[in-house]
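Here the structure comes first, spelled out in structure tokens, and everything after it is commentary.
In full-length UniProt numbering, the protein residues as written are 1 to 116.
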């Protein structure tokens, strides 16, 4: 999942504390990269707990939970928002090629079996 502000992608996370922050924005889980945490007022744009006003929320399986006060509420229908994350054409192409390579081995045996 990319940073919802700049579109940067997180690499494989190492064990321990993570520099990326999670939040909920318009009922959806989002990530914020370390750069945007320093350069933007990202917490102003993140949903807050209705009970304690914390931004430490997670979204899962139809509910939103506050990690500070442990309040859990049902997730409402997400508000349609314009996606601000830019499309990374190079990443899209790379993923498409990787899927093609990975799936090409699966389609060849099926085609051979169909000819029999």
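Quick reminder that beta carbons are idealized off the backbone N, C-alpha and C, glycines included.
From residue i to residue j, what does the alpha carbon distance come to, in whole angstroms?
i	j	result
residue 104	residue 94	15 Å
residue 8	residue 1	9 Å
residue 16	residue 5	24 Å
residue 29	residue 58	6 Å
residue 63	residue 36	26 Å
residue 51	residue 88	38 Å
residue 92	residue 102	15 Å
residue 21	residue 97	30 Å
residue 43	residue 90	30 Å
residue 18	residue 49	22 Å
I think residue i touches residue j, with their Cβ atoms under 8 Å apart; what is that distance to the nearest whole Å?
i	j	result
residue 27	residue 71	Contact flag wrong, Cβ pair sits at about 15 Å.
residue 25	residue 47	6 Å
residue 56	residue 68	5 Å
residue 31	residue 10	7 Å
Going by other Cβ atoms of all chains shown within 10 Å of its Cβ, with 16 needed for buried, is residue i buried or exposed?
i	result
residue 23	buried
residue 100	exposed
residue 3	buried
residue 33	buried
residue 66	buried
Quickly, what does DSSP pair residue i with across the bridge? List them, please.
i	result
residue 30	23
residue 118	Outside the shown range of the chain (1 to 116) lies residue 118, about which nothing can therefore be said.
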